[in-house]
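Colleague: What follows is a single structure, and I will ask about it in a moment.
In our numbering, the protein residues as written are 10 to 480.
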């Protein structure tokens with residue numbers, strides 16, 4: 010009997026021009042989101058490629074300068090000076106665009122995907138050079154994740170709000186149930202048919218877009234795509250189950266539409282916004298102004314106490330011999346100042362990181378109040394545009410900073426000039442992608458929660474249908 014319900018319901022949907030129009034518009038919005046996201050990802054990749062080529066070209070120019078310029082003709086701040094290369098020029102550390110970045114821009118508009126690493130303090134370069142339009146940050150980007158989080162539930166509610174109530178009011182349901190047909194079988198058939206109309210475009214269009222793009226289709230990419238697919242299915246299942254539950258109450262179609270719209274507004278818009286406000290109020294981070302003022306005070310203090318800092322620095326680094334030449338070495342003095350500035354800024358940075366960690370922990374817990382917030386975290390993780398990937402990137406940048414700093418301090422402290430062979434030994438940064446297992450560990454619980462909500466609500470809805478009054 011279920012097979013017959015599926016066939017006849019499909020014919021009914023095909024004949025209904027409204028459903029076809031809504032499904033077509035949804036597919037068009039999905040395609041637009043895919044194209045927009047792909048364009049953004051392509052622009053990011055081109056920008057990183059330009060930076061990489063620029064870095065390689067600069068190293069070649071430095072090597073040529075050192076090879077062709079005699080030491081007697083060199084000025085102080087030239088490519089032959091370790092402090093010039095290490096502290097002033099630096100080297101870019103690049104975060105490659107994720108293979109699935111086109112489907113969800115995520116946190117990419119808030120966090121930088123490259124740093125110009127120098128041998129100075131970490132705080133001197135961590136804020137990056139990228140500038141995003143504040144209006145763009147406020148509005149956000151239009152991508153597939155946005156379509157899935159906001160438009161996808163609306164389309165589900167549009168095709169599900171009158172699952173049984175309309176037929177009950179006009180007497181069709183009573184006539185159907187006069188046949189050897191159970192109400193739950195009829196509801197299940199309609200649910201599966203209408204789900205296919207909505208879910209198939211939501212699954213196929215992103216997959217086709219990714220496969221036709223420039224993404225490397227390796228095991229990790231397929232794993233992330235599987236997580237994305239599971240998130241779309243689980244998020245949709247929650248809304249389908251909710252729509253069935255509202256229909257099971259036996260109220261008129263107008264009531265169903267109003268109730269579902271109110272729940273969408275609450276779950277998708279209000280609750281995530283309230284979570285952000287509550288977390289920011291409970292765990293406020295130190296202001297940017299406080300950090301800038303602390304940096305200025307620490308820098309001025311280090312500049313005034315230069316000789317004292319140098320003496321303390323030499324005491325802390327007994328491997329450096331305290332000679333007249335050492336006391337006049339600018340690289341050593343600058344390292345002493347940087348070390349003191351970092352020490353003074355440590356309390357401010359520590360408070361910021363502590364509060365930020367509390368915010369992230371609170372959001373990770375409170376997100377379970379909203380299926381939309383849970384789905385968003387999983388979609389961003391699957392796409393490789395979540396905060397976790399940027400933290401993973403910055404941890405590697407921090408290690409690269411230490412290697413870059415040690416490389417140039419070893420030469421600058423000796424007063425040595427850069428040789429052509431030194432440019433072949435420059436530390437380089439290559440991002441090591443986090444393993445797929447780490448993404449799975451972060452996403453399995455949110456996915457399980459979504460499926461648990463969907464299954465629980467759907468089971469309760471079918472139990473309620475046992476008491477459904479046909480009319």
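Cβ atoms here follow ideal geometry from the backbone N, Cα and C, with glycine treated the same way.
Could you spell out the range, first to last residue, of the beta strand (DSSP E) harbouring residue 103?
Modeller: Looking up residue 103 in the chain shown gives position 94. Run containing residue 103: 100-103, per the beta strand (DSSP E) assignment.
Colleague: Among 280, 255, 354 and 112, whose alpha-carbon lies nearest the alpha-carbon of residue 310?
Modeller: Within the chain shown, the letter at position 301 stands for residue 310. The candidate whose alpha carbon is nearest that of residue 310 is 354.
Colleague: Just curious, the alpha helix (DSSP H) that residue 126 is in, first and last residue?
Modeller: The residue labelled residue 126 in the question sits at position 117 within the chain shown. Not the alpha helix (DSSP H): residue 126 falls in the beta strand (DSSP E), residues 123-126.
Colleague: Count the other CB atoms, across all protein chains shown, that sit within 10 Å of the CB of residue 398; report buried if there are 16 or more and exposed otherwise.
Modeller: The sequence position of residue 398 within the chain shown is 389, counting from 1. Under this definition residue 398 is a buried residue.
Colleague: Give the straight-line distance between the Cα atoms of residue 236 and residue 170, rounded to the nearest whole angstrom.
Modeller: Indexing the chain shown from 1 puts residue 236 at position 227. Indexing the chain shown from 1 puts residue 170 at position 161. For residue 236 and residue 170, the distance between alpha carbons rounds to 29 Å.
Colleague: In angstroms with no decimal places, state the Cα-to-Cα distance between residue 465 and residue 98.
Modeller: For this step, residue 465 is matched to residue 456 along the chain shown. For this step, residue 98 is matched to residue 89 along the chain shown. Going from the Cα of residue 465 to the Cα of residue 98 covers about 59 Å.
Colleague: Compute the beta-carbon to beta-carbon distance between residue 376 and residue 284, rounded to the nearest angstrom, for a pair I have assumed lies under 8 Å.
Modeller: Residue numbering aside, residue 376 sits at position 367 when the chain shown is read from its first letter. Residue numbering aside, residue 284 sits at position 275 when the chain shown is read from its first letter. Right, their Cβ atoms sit about 7 Å apart.
Colleague: Decide if the segment 59-75 is in contact with the segment 108-121; the criterion is three or more beta carbon pairs, one per stretch, under 8 Å apart.
Modeller: Touching, no, given that fewer than three Cβ pairs across the two stretches are closer than 8 Å.
Colleague: Checking 8 Å against the spacing of the C-beta atoms, do residue 113 and residue 389 come in under that value?
Modeller: The count along the chain shown starts at 1 and reaches residue 113 at position 104. The count along the chain shown starts at 1 and reaches residue 389 at position 380. In this structure, residue 389 lies closer than 8 Å to residue 113 by Cβ.
Colleague: Under DSSP, the alpha helix (DSSP H) around residue 451 begins and ends at which residues?
Modeller: On the chain shown, position 442 is the one that residue 451 refers to. Note, residue 451: alpha helix (DSSP H), 445-473.
Colleague: Since residue 111 and residue 219 should fall inside the 8 Å C-beta cutoff, what is the C-beta to C-beta distance between them, to a whole number of angstroms?
Modeller: Within the chain shown, numbered from 1, the residue matching residue 111 stands at position 102. Within the chain shown, numbered from 1, the residue matching residue 219 stands at position 210. The pair is a contact, with the Cβ atoms about 7 Å apart (cut-off 8 Å).
Colleague: Would you call the segment 247-256 and the segment 395-409 touching, i.e. three or more CB-CB distances under 8 Å?
Modeller: With the cut-off at 8 Å, the segment 247-256 and the segment 395-409 do not touch.
Colleague: Return yes when the Cβ of residue 241 is within less than 8 Å of the Cβ of residue 157, no when it is not.
Modeller: The residue given as residue 157 occupies position 148 in the chain shown. The residue given as residue 241 occupies position 232 in the chain shown. Yes. Within cutoff.
Colleague: List the whole-angstrom C-beta distance separating residue 36 from residue 214, where the pair is believed to meet the contact cut-off of C-beta under 8 Å.
Modeller: Residue numbering aside, residue 36 sits at position 27 when the chain shown is read from its first letter. Residue numbering aside, residue 214 sits at position 205 when the chain shown is read from its first letter. Residue 36 to residue 214, Cβ: 7 Å. Contact.
Colleague: Are the segment 158-169 and the segment 258-276 touching, with three or more C-beta to C-beta distances below 8 Å?
Modeller: With a cut-off of 8 Å, the segment 258-276 and the segment 158-169 count as touching, because enough Cβ pairs lie within range.
Colleague: Given a cut-off of 8 Å, decide if residue 193 and residue 471 are closer than it, judged by their beta-carbon atoms.
Modeller: Working through the chain shown from its first residue, we reach residue 471 at position 462. Working through the chain shown from its first residue, we reach residue 193 at position 184. Cβ distance < 8 Å, so residue 471 and residue 193 count as in contact.
Colleague: Could you check whether residue 40 and residue 159 sit closer than 8 Å to each other, using their CB atoms as the reference points?
Modeller: By 1-based counting over the chain shown, the position of residue 159 is 150. By 1-based counting over the chain shown, the position of residue 40 is 31. No, these two residues do not count as a Cβ contact at 8 Å.
Colleague: Let me check understanding here. Comparing Cα to Cα, which of 206, 239, 62 and 371 lies closest to residue 15?
Modeller: Locating residue 15 in the chain shown gives position 6, counting from the first residue. Among 206, 239, 62 and 371, the Cα nearest to that of residue 15 is on 206.
Colleague: So, with DSSP's three-state summary, where would you put residue 144?
Modeller: Within the chain shown, residue 144 is the residue found at index 135, counting from 1. Bear in mind that a pLDDT of 48 at residue 144, under 50, signals an unreliable position, so the model cannot answer this.
Colleague: Relative to the alpha-carbon of residue 393, which residue among 31, 19 and 105 has its alpha-carbon at the smallest distance?
Modeller: Locating residue 393 in the chain shown gives position 384, where the first residue counts as 1. Closest option to residue 393, Cα to Cα, is 105.
Colleague: When DSSP labels each residue in this structure, what does residue 120 get in the three-state scheme?
Modeller: Locating residue 120 in the chain shown gives position 111, where the first residue counts as 1. Three-state result, residue 120: coil.
Colleague: With a threshold of 8 Å, are at least 3 pairs of Cβ atoms found where one atom belongs to the segment 291-310 and the other to the segment 359-374?
Modeller: Yes, since at least three Cβ pairs between the segment 291-310 and the segment 359-374 fall closer than 8 Å, the two stretches touch.
Colleague: According to DSSP, is residue 376 helix, strand or coil?
Modeller: Taking the first residue of the chain shown as 1, we reach residue 376 at position 367. The answer is helix: DSSP assigns residue 376 an H, G or I state.
Colleague: According to the Cβ coordinates, are residue 306 and residue 130 closer than 8 Å?
Modeller: As a first step, residue 306 must be located in the chain shown, where it is residue number 297. As a first step, residue 130 must be located in the chain shown, where it is residue number 121. No, the pair does not count as a contact, with Cβ atoms beyond the cut-off.
Colleague: For residue 340 versus residue 408, is the C-beta spacing smaller than 8 Å?
Modeller: The residue you call residue 340 lines up with position 331 of the chain shown. The residue you call residue 408 lines up with position 399 of the chain shown. No, Cβ-Cβ distance for residue 340 and residue 408 is not below 8 Å.
Colleague: Pick helix, strand or coil for residue 179, following the three-state DSSP scheme.
Modeller: Here residue 179 refers to the residue found at position 170 of the chain shown. Correct three-state label for residue 179: coil.
Colleague: Quick check: what's the CA-CA separation for residue 155 versus residue 387?
Modeller: Taking the chain shown and counting its residues from 1, the one referred to as residue 155 is at position 146. Taking the chain shown and counting its residues from 1, the one referred to as residue 387 is at position 378. So the alpha carbons of these two residues sit roughly 13 Å apart.
Colleague: Would residue 172 and residue 196 qualify as a contact pair, given that the criterion is a beta-carbon distance under 8 Å?
Modeller: Residue numbering aside, residue 172 sits at position 163 when the chain shown is read from its first letter. Residue numbering aside, residue 196 sits at position 187 when the chain shown is read from its first letter. Cβ distance < 8 Å, so residue 172 and residue 196 count as in contact.
Colleague: Measure the alpha-carbon distance for residue 282 versus residue 60 and round it to whole angstroms.
Modeller: Residue numbering aside, residue 282 sits at position 273 when the chain shown is read from its first letter. Residue numbering aside, residue 60 sits at position 51 when the chain shown is read from its first letter. Going by the C-alpha atoms only, they are around 37 Å apart.
Colleague: Exposed or buried, which one is residue 86 when buried takes at least 16 other CB atoms within 10 Å?
Modeller: One-based indexing of the chain shown puts residue 86 at position 77. With fewer than 16 Cβ atoms within 10 Å of its Cβ, residue 86 is classed as exposed.
Colleague: CA-CA distance, residue 233 and residue 455?
Modeller: As a working note, residue 233 is residue 224 in the chain shown. As a working note, residue 455 is residue 446 in the chain shown. Each residue's Cα considered, the two are about 15 Å apart.
Colleague: How big is the Cα-Cα spacing for residue 268 and residue 413?
Modeller: Indexing the chain shown from 1 puts residue 268 at position 259. Indexing the chain shown from 1 puts residue 413 at position 404. Their backbone Cα atoms lie some 59 Å apart in a straight line.
Colleague: How is residue 355 classed by DSSP in three states: helix, strand or coil?
Modeller: In the chain shown, residue 355 corresponds to position 346, counting from 1. Note: residue 355 maps to helix in three-state DSSP.
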